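>
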Amino acid sequence: MEDILIIGTFILYGFCLLIISFYVIGQLTLAHFAYKSRYENRNLKKDLDFQNHESIPFVTVQLPLFNERYVVERLIDSVIQFDYPLSRFEIQILDDSTDDTTEFIRRKLQHISIPGLQISHIHRTDRTGFKAGALQEGLKVAKGDLIAIFDADFVPSADFLKNVVPHFTENNVGMVQARWEHLNRDYSLLTELQAFGLDAHFLVEQTARNTAGFYINFNGTAGIWRRSCIDDAGGWDSDTLTEDLDLSYRAQMKGWKFKFVEDVYVPAELPADMNAYKAQQFRWSKGAIETAKKHFLTVWNSTLPFYLKWQSSLHLTACITYLCILLSGILTVPLMFIKNNYDGFDAVFILLSVFSPGIIFTLIFFSASVTNPFAHRNFTISQFSRLFFSYMAFSMGMAVHNTFAIIQGFMGKKSSFVRTPKFGLQQAGDSMNKKTYRPNKIAWSTIVELVLVVYFTFGAAVALDYEELSLLPFQILFASGFLMASFFSLRDMKWDMPETLQVLKNSILKSLVNSGILSETQRKS
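Its first residue numbered 15, the sequence shown is counted upward by one per residue in the working numbering.
In structure tokens, the structure reads:
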């Protein structure tokens, strides 16, 4: 029985490393096409005659909102300044808010005095379908041939429509996605790490997919759709938490062409609160798995070429790496004990070392991002190294939280669309302390992260004791990552002491009831 457990541990560990390797090689492939894109221009566009108003497409600008009191006015101020002909665009404020955001919007609209501006405020009270439902509701009365979408935290420039609309001169172009930039990149280490990861997504992944002809996903905001493409693909659907990824695959499977334009960017506010960031990552990870379940077999049963099926599979299921990273990390500690206390396992460890170049491939992937001509920052080698290894550790620290999301997605457990709250933060001196939308309850994932800090610190000590120096850096990265994740989560809670103590008291009493130590009557008394 003991031998079976040992062999099973090695097999599971090797399987996790194999899965991670598939995705890392996929990253290397994307890095190759991202470098290749610098010598090609696949985003050719025709000039439009903006003086001849009737010849240019009518655009509906949709602004889906839910409880965004701190940023909604900034968004409205930016879109009403579009230098697109006023007679050729309209603005829909799709407001599902349950707080005073609705009143902020009404007051703002009363003070806008731009002759000819077409702007409407559509307020729903039931949130049916969440963001997808709001977008679909807006489409019922939208006049546009093209639909531009911006989330509340984005600040598009006045020339956004003029820069993107010309890419629709080809009739088969269904969606054009612009690049995200970051208003508060330097606000904190948390926002700096997010910016580092998102830059890699846009400047490497999206750029490479555009160059290679792979499927591209709409990123939920800062893009424009052709209305007929949305309708042809079946419209917005709320059966996954990533309605943008879902519609992207349905549309491209119908034959529509997508474009990513890296030379057009829209600044946005990154989540400066760790718990808000976790909510965003949970939604993205769970929604990606839900979308993968929905479209995986459809992709493989299609007539698409094999390379496109393979890349689409990696694209849809990329978040599975969090589960594999978590399992492989946890298993390294018992494997060190097995190797050093049982004979015959040295060869297995040597065999598993074939997966070690993965870190080099990942390094190449992120290098392609920071050396991209459109990158807004030049990094020294020391700055890049600090951010790269900090990001690697931080990504490992997110493994627990995102694994919970992945498991829920696989199990088909439905949950509400939890928005990512923003606080209007741009500079390091801006504060969140007195702002709403912040949690006051410690999540279970944070408790597990704290436990894993201790576990991987112990693992680092074991690696030192057994002189397993090749595994020591990974133990340190895991411990550091979970320390960052748990520290940021606790730091960014709303620590109202009387309220926090009451929440803690209720949690303890509930646990005692669930364990049978107290009855419900005793708890209430």
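Ideal Cβ placement from N, Cα and C applies to all residues, glycine included. Values in this document were obtained by computation on a predicted structure and should not be read as measured data.
By how many angstroms is the C-alpha of Asp253 removed from the C-alpha of Phe144?
Translated into positions along the sequence shown, residue 144 becomes position 130. Translated into positions along the sequence shown, residue 253 becomes position 239. When rounded, the distance between both Cα atoms is 10 Å.
> Assign Phe272 to one of three DSSP states: helix, strand, or coil.
For this step, residue 272 is matched to residue 258 along the sequence shown. Of the three classes helix, strand and coil, the one that applies to Phe272 here is strand, per DSSP.
> Within its chain, find whatever has a CB closer than 6 Å to the CB of Ser539; leave out the 5 residues flanking it on each side and keep chain order.
Walking along the sequence shown from the start, residue 539 turns up at place 525. Below a pLDDT of 50, predicted positions are generally treated as unreliable, and Ser539, at 48, falls in that range; the measurement from the model is reported next regardless. Around Ser539: no qualifying Cβ.
> Hey, does Asp213 have any beta-carbon neighbour from chain C nearer than 8 Å?
In the structure shown, chain C cannot be found, because there is only a single protein chain.
> Could you give the distance in angstroms between the alpha-carbon of Gly188 and the alpha-carbon of Ala265?
Indexing the sequence shown from 1 puts residue 188 at position 174. Indexing the sequence shown from 1 puts residue 265 at position 251. Distance between the alpha carbons of Gly188 and Ala265: 8 Å.
> Buried or exposed for Pro71, going by 16 or more other Cβ atoms inside 10 Å?
Counting from 1 along the sequence shown, the entry for residue 71 is found at position 57. Result: buried.
> Please check the pair Asn57 and Val218, which I expect to be a contact at CB under 8 Å, by giving their CB distance rounded to whole angstroms.
As a working note, residue 57 is residue 43 in the sequence shown. As a working note, residue 218 is residue 204 in the sequence shown. That belief does not hold up - the Cβ atoms of Asn57 and Val218 are roughly 16 Å apart, past 8 Å.
> For Phe205, name the three-state secondary structure that DSSP assigns.
If you number the sequence shown from 1, residue 205 lands on position 191. A small correction: the amino acid at residue 205 is Thr; Phe does not occupy that position in the sequence shown. Reduced to three states, the DSSP call for Thr205 is helix.
> Can you tell me whether Gly40 is buried or exposed, with buried defined as 16 or more other CB within 10 angstroms of its CB?
Within the sequence shown, the letter at position 26 stands for residue 40. So Gly40 ends up on the buried side.
> Can you check whether the CB of Ser92 is closer than 8 Å to the CB of Pro170?
Sequence index remark: in the sequence shown, residue 170 carries index 156 (1-based). Sequence index remark: in the sequence shown, residue 92 carries index 78 (1-based). Yes, these two residues count as a Cβ contact at 8 Å.
> Find out if the Cβ-Cβ distance for the pair Thr256, Ala293 is shorter than 8 Å.
Working through the sequence shown from its first residue, we reach residue 256 at position 242. Working through the sequence shown from its first residue, we reach residue 293 at position 279. In this structure, Ala293 does not lie closer than 8 Å to Thr256 by Cβ.
> With the cut-off set at 8 Å, would you say Trp194 and Ala236 are in Cβ contact?
Locating residue 194 in the sequence shown gives position 180, counting from the first residue. Locating residue 236 in the sequence shown gives position 222, counting from the first residue. Yes, the Cβ-Cβ distance between Trp194 and Ala236 is below 8 Å.
> Can you list, in chain order, the residues of its chain whose CB lies under 8 Å from that of Ser101, leaving out five sequence neighbours each side?
The residue you call residue 101 lines up with position 87 of the sequence shown. Correct list, in chain order: His67, Gly130.
> Assuming Ile105 and Leu77 are in contact, meaning their beta carbons sit under 8 Å apart, how far apart are those beta carbons, in whole angstroms?
Taking the sequence shown and counting its residues from 1, the one referred to as residue 105 is at position 91. Taking the sequence shown and counting its residues from 1, the one referred to as residue 77 is at position 63. Rounded, the Cβ-Cβ distance is 7 Å, consistent with contact.
> Got a sec? Which residues, its chain only, sit under 6 Å from Thr346 by beta carbon, not counting five neighbours each side?
Translated into positions along the sequence shown, residue 346 becomes position 332. Answer for Thr346: Leu485, listed in chain order.
> The alpha helix (DSSP H) that contains Val93, what's its start and end?
Taking the first residue of the sequence shown as 1, we reach residue 93 at position 79. Run containing Val93: 86 to 93, per the alpha helix (DSSP H) assignment.
> In the DSSP assignment, find the unbroken alpha helix (DSSP H) run with Met406 in it and report its ends.
As a position in the sequence shown, residue 406 is number 392, starting the count at 1. Run containing Met406: 395 to 411, per the alpha helix (DSSP H) assignment.
> Kindly give me the distance between the Cβ atoms of Ala209 and Leu284, rounded to whole angstroms, as I take these residues to be in contact under 8 Å.
Position 195 of the sequence shown, counted from the first residue, corresponds to residue 209. Position 270 of the sequence shown, counted from the first residue, corresponds to residue 284. Right, the Cβ-Cβ distance comes to about 6 Å (below 8 Å), so this counts as a contact.
> DSSP on Asp159, reduced to helix/strand/coil?
Here the question's residue 159 lines up with position 145 in the sequence shown. Correct three-state label for Asp159: coil.
> Rank Leu261, Trp239, Arg240 by C-alpha distance to the C-alpha of Gly248 and give the top, closest one.
On the sequence shown, position 234 is the one that residue 248 refers to. Ranking the options by Cα distance to Gly248, first place goes to Leu261.
> Report yes if the C-beta distance between Tyr37 and Thr305 is below 8 Å; otherwise report no.
Here residue 37 is taken as the residue at index 23 of the sequence shown, counted from 1. Here residue 305 is taken as the residue at index 291 of the sequence shown, counted from 1. Contact: no.
> Can you tell me whether DSSP reads Phe174 as helix, strand or coil?
Here residue 174 corresponds to residue number 160 of the sequence shown, with the count starting at 1. Looking at Phe174 - three-state DSSP - the assignment turns out to be helix.
> Quick one: Cα of Asn233 to Cα of Lys273, how far?
Taking the first residue of the sequence shown as 1, we reach residue 233 at position 219. Taking the first residue of the sequence shown as 1, we reach residue 273 at position 259. Rounded to the nearest angstrom, the two C-alpha atoms are 12 Å apart.
> Using a 10 Å radius around the Cβ and a threshold of 16 neighbouring Cβ atoms, would you call Lys427 buried or exposed?
Indexing the sequence shown from 1 puts residue 427 at position 413. Exposed, by the Cβ-count rule.
> Report back the beta-carbon spacing between Tyr356 and Ile21 to the nearest angstrom; my notes put them in contact at under 8 Å.
The residue labelled residue 356 in the question sits at position 342 within the sequence shown. The residue labelled residue 21 in the question sits at position 7 within the sequence shown. No, Tyr356 and Ile21 are not in contact; Cβ-Cβ is about 11 Å, not under 8 Å.
> Can you tell me which residues form a DSSP beta bridge with Phe472?
Here residue 472 refers to the residue found at position 458 when the sequence shown is read from its first residue. The partner list for Phe472 (beta bridge, DSSP) is empty, contrary to what the question assumes.
> Can you give the Cα-Cα distance for Cys243 and Ala146, rounded to whole angstroms?
Locating residue 243 in the sequence shown gives position 229, counting from the first residue. Locating residue 146 in the sequence shown gives position 132, counting from the first residue. Approximately 16 Å, taken between the alpha carbons.
> Let's test the definition: count the other Cβ atoms within 10 Å of the Cβ of Ser500 and tell me whether it reaches 16, buried, or not, exposed.
Here residue 500 is taken as the residue at index 486 of the sequence shown, counted from 1. Buried, by the Cβ-count rule.
> Have a look at Phe393 and Phe310 and give me their C-alpha separation to the nearest angstrom.
Here residue 393 corresponds to residue number 379 of the sequence shown, with the count starting at 1. Here residue 310 corresponds to residue number 296 of the sequence shown, with the count starting at 1. If you take the alpha carbons of Phe393 and Phe310, they lie about 38 Å apart.
> When DSSP builds the beta bridges, which residues end up paired with Glu104?
As a working mapping, residue 104 is identified with position 90 in the sequence shown. In the DSSP output, where bridge partners are listed per residue, Glu104 has Thr74, Gln132.
> What does Glu168 pair with, by DSSP beta-bridge criteria?
To locate residue 168, count along the sequence shown from 1; it is residue 154. The identity of residue 168 in the sequence shown is Phe, whereas the question assumes Glu. Answer by DSSP bridge pairing, in chain order: Ala282.
> Of the residues Leu337, Leu160, Ala286, which one's Cα is nearest the Cα of Leu207?
Start at 1 with the first residue of the sequence shown, and residue 207 comes out as number 193. It is Ala286 whose Cα lies nearest to the Cα of Leu207.
> Under a three-way DSSP split, which group does Met511 fall into?
Numbered from its first residue, the sequence shown carries residue 511 at position 497. Here the model assigns Met511 a pLDDT of 47, short of 50, so the residue's position is not dependable, and the following value carries that caveat. Met511 falls in the helix class under three-state DSSP.
> Let me know the alpha helix (DSSP H) ranges lying completely inside the region 23 to 66, each 4 residues or longer, listed in chain order.
Whole alpha helix (DSSP H) segments, 4+ residues: zero.
> Report yes if the CB atom of Ala45 is closer than 8 Å to the CB atom of Phe379, and no otherwise.
Stepping through the sequence shown from its first residue, residue 45 is reached at position 31. Stepping through the sequence shown from its first residue, residue 379 is reached at position 365. Going by C-beta atoms, Ala45 is nearer than 8 Å to Phe379.
> On a Cα-Cα basis, can you pick out the residue from Arg138, Phe492, Arg400 that is closest to Ile344?
Stepping through the sequence shown from its first residue, residue 344 is reached at position 330. Checking every option, the nearest Cα to that of Ile344 belongs to Phe492.
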